[in-house]
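Since the structure comes first, as C-alpha cells, the remarks are kept for the end.
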Amino acid sequence: MELAYSWTMEIVSCSKYLCSSKSLPIAFLILTCIAVSIYSMVLWRSANVDHSVNTHGNLSLLLKSGEKRFYNFSHTVSPVNSSLDDMADLVPRKKINRNKISLEPCPIAPPGLVGKLTINVQNIIKSVTNDDSLKRVVYGGRYSPEDCIPRERTAVIIPYRDREDHLDILTRHLHNILQRQQLEYQIFAIEMALPTQFNRGILANIGVLIAKETGDFSCFIIHDVDALMMNDKNLYRCGSQPRHLVTGSTKYRSGNNEYGLPYDSYMSGVIALTDSQYTKANGFSNVYFGWGGEDDDFNIRVQRANMKFERPEKDIGIYLAIPHDTDSTNQKNPARFGILDAAAGRQWIEGVNSFINNQLKIKYKRYALEYRKYYTWLLIGINEAAINKQYEKYLGEPFAA
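According to UniProt numbering, the sequence shown is numbered sequentially starting from 1.
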C-alpha cells in the first residue's frame, strides 16, 4: 500500500509539472493531464482497497468483503442454469462455525428448554414469535450461539410450494426453539416452479446437496412446512441411526384420544440424518410427483441400507399440524402404490446420486437463490415428463391399485 501511495504522489507531481510546461503543444498538454489524472485516481483507489477481496463476480465480492454488509440485504440471483458446478460459484462455502477456540462446548442438555409448548391455533403467528430470537438471526436464516461451541451444525431443509404464511410461521417457531437448543443452524426453503407437480423427494435431495455446498453441517433435517414442534426437548440433532422426530400429530388421534401416527412405519413430517446416513440410503426417490409415497419409499431405503429409524419419547415428539385447505397443485399421486412396489429394485438406480451420476443424471434449473431474513430460498425447475421417461422401466406397474 505504501508503494502504491508513493507512486501516486510521484505521478500527481509529474502531472502538475507537465500541466505547467509551456514547451508542449496545448492540445497534447490537455490530453496528457487528463490521462495522468485518471491513472492517478485508479492508483489511489487501489492503494485503499482490501486486496483480499476476490473480485470474480458481485456475489463473491459481497461475501468476502464482510458478512455484515452482505447479510443486510436480500440477494437474488436469477436466472441461472443449474448444475452442481454452477452452484459452487453462487453459494457461500464459508463454514458457519466461527472462532470460538476459547469457549467451552454447549451443555449436552440445553439449560433453557421449557418442555411442552402452548400454541394458540387461533393466533399461531403470535404464539410462535419471539422478537429477541428473531433479532439474532443472520440473513439467510442462520444462527450460531455466542457463548458456547454448538454440539450440532444443523441444516433444516423445507420442501415447499406456495404456502408463504405457513413458511413464515414455521421459521419463526424454529428460530425460537433451535436457539434454545443451542444449535448452529441454517434454514433452507426449496420450492419447485410451476407447472410441474410437487415432488418432495427431489426438493429434499437438491436441498441437502445445496446445504452441503453452503456450510459444514453435521445434521440434515427434512421438515414439512406445516409441522410445528410442541415440545422443545425434541432436539434437532442426529444420532447413530436416522431419526424420525414425530411420535404423534394433531392430525391423528388414537383410540384413547391421544395424538398418534396413522401407522407404525409412518416416517413423514420431520426426519434427521447425517450426511453419511443420507448418502448410504441414496436419499429420496425422485419419481413421486404429487402427494404420497416418497416417505414410505425412503423408509424402505433406510432399512435396505441396514439402518433403522429411531424416535424420541412419545410425549416429546408431538407436532401441531397447521390447518390448511387442500393444495390444488399437490393432488394425491394415483400411481404411488405401484411405484412403491418397485422401490427395492430402484433404490440404487435413482436417488440423490441422480444429480451426480453422469449416466443417470437428472437435469434441472435453478431459477433463483435468495437470502431472506429468516431463511435461504431457492426456486428450481425440472422436466417431469423427462424424468418419468428416463426411469420408466424401473417404475413397475405405476397405476396398480
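Even for Gly, the Cβ is constructed at its ideal location relative to N, Cα and C. Quick caveat, the model's predicted, so the values are computed rather than measured.
Give the C-beta separation of Y374 and T214 to the nearest angstrom, bearing in mind that I take them to be a contact with Cβ-Cβ under 8 Å.
The pair is not a contact, with the Cβ atoms about 16 Å apart (cut-off 8 Å).
Distance check for K365 and Y391, CA to CA, integer angstroms please.
19 Å
As assigned by DSSP and simplified to three states, the class of E384:
helix
Go ahead and pull the three-state DSSP assignment for F220.
strand
Rounded to whole angstroms, what is the Cα-Cα separation between S127 and I149?
29 Å
N234 and I169: beta carbons closer than 7 Å?
no
Using 7 Å as the threshold, is the C-beta distance between L203 and T250 below it?
No; because the gap between Cβ atoms is not below 7 Å, this pair is not in contact.
Assess contact between the region 333-340 and the region 178-189, defined as three or more Cβ pairs (one per stretch) separated by less than 8 Å. Is contact present?
no
Can you say whether L245 is buried or exposed, counting buried as having 16 or more other CB atoms within 10 angstroms of its CB?
buried
Sort M230, W377 and T247 by Cα distance to Y263 and report the nearest one.
T247
For the alpha helix (DSSP H) holding Q179, just list the boundary residues, first then last.
E164 to R180
What number of angstroms, rounded off, separates the C-alpha of residue 413 from the C-alpha of D226?
Residue 413 cannot be examined here, being either before or after the span of the chain that is shown, 1 to 401.
Can you give me the C-alpha to C-alpha distance between W291 and N333, rounded to a whole angstrom?
5 Å
Ignore the nearest five residues each way along the sequence and tell me which others in A342's own chain have a CB closer than 7 Å to its CB.
Y394, L395 and G396
How far does the beta strand (DSSP E) with V302 in it reach, from first residue to last?
Run containing V302: none in the beta strand (DSSP E); it sits in the alpha helix (DSSP H), E294 to R304.
Output the distance between the C-alpha atoms of N123 and A211, rounded to the nearest integer angstrom.
32 Å
Could you tell me whether the Cβ atoms of Y266 and G260 are closer together than 7 Å?
No Cβ-Cβ contact shorter than 7 Å links Y266 with G260.
Please report how far the alpha carbon of K389 lies from the alpha carbon of I271, in whole angstroms.
30 Å
Does DSSP put R152 in a helix, in a strand, or in coil?
It should be noted that the sequence gives Glu, not Arg, for residue 152. Of the three classes helix, strand and coil, the one that applies to E152 here is coil, per DSSP.
Go to E213, then tell me how far its beta strand (DSSP E) extends in each direction, as first and last residue.
Here E213 belongs to no beta strand (DSSP E); instead the alpha helix (DSSP H) covers R200 to T214.
Residue burial classification, I125 (beta-carbon count within 10 angstroms, cutoff 16):
exposed
Exposure label - L369; buried when at least 16 CB within 10 Å
buried
Cβ of I119 within 6 Å of any heavy atom in the ligand ZN?
Ligands displayed in this structure: none; no statement on the ligand ZN is therefore possible.
Since F220 and I157 should fall inside the 8 Å C-beta cutoff, what is the C-beta to C-beta distance between them, to a whole number of angstroms?
6 Å
What's the gap between the Cα of M229 and the Cα of I318?
7 Å
CA-CA distance, K280 and V208?
14 Å
Inter-residue spacing [alpha-carbon to alpha-carbon] between I190 and E146:
Between I190 and E146, the C-alpha separation is close to 28 Å.
Note the first and the last residue of the continuous beta strand (DSSP E) segment covering A344.
Counting along the chain, A344 falls outside any beta strand (DSSP E), though it belongs to the alpha helix (DSSP H) covering A343 to R346.
Same chain only: Cβ atoms within 6 Å of K116, ignoring 5 sequence neighbours per side
N231
Residue from H173, V352, R311 and L134 whose Cα sits closest to the Cα of T118:
It is H173.
How far does the beta strand (DSSP E) with T250 in it reach, from first residue to last?
That run of the beta strand (DSSP E) goes G248 to R253.
Quick check: the Cα distance between I387 and R142, rounded to an integer number of angstroms?
The straight-line gap from Cα to Cα measures roughly 33 Å.
Whose C-alpha, out of E152, L134, K135 and F188, is nearest the C-alpha of K160?
Just to set this straight, residue 160 is Tyr in the shown sequence, not Lys. Y160 has its Cα closest to that of F188, out of E152, L134, K135 and F188.
Which residues mark the beginning and the end of the alpha helix (DSSP H) in which L194 is found?
Looking at the DSSP string, L194 is not in any alpha helix (DSSP H), and its letter there is neither H nor E.
DSSP three-state assignment for Y278, whether helix, strand or coil:
helix
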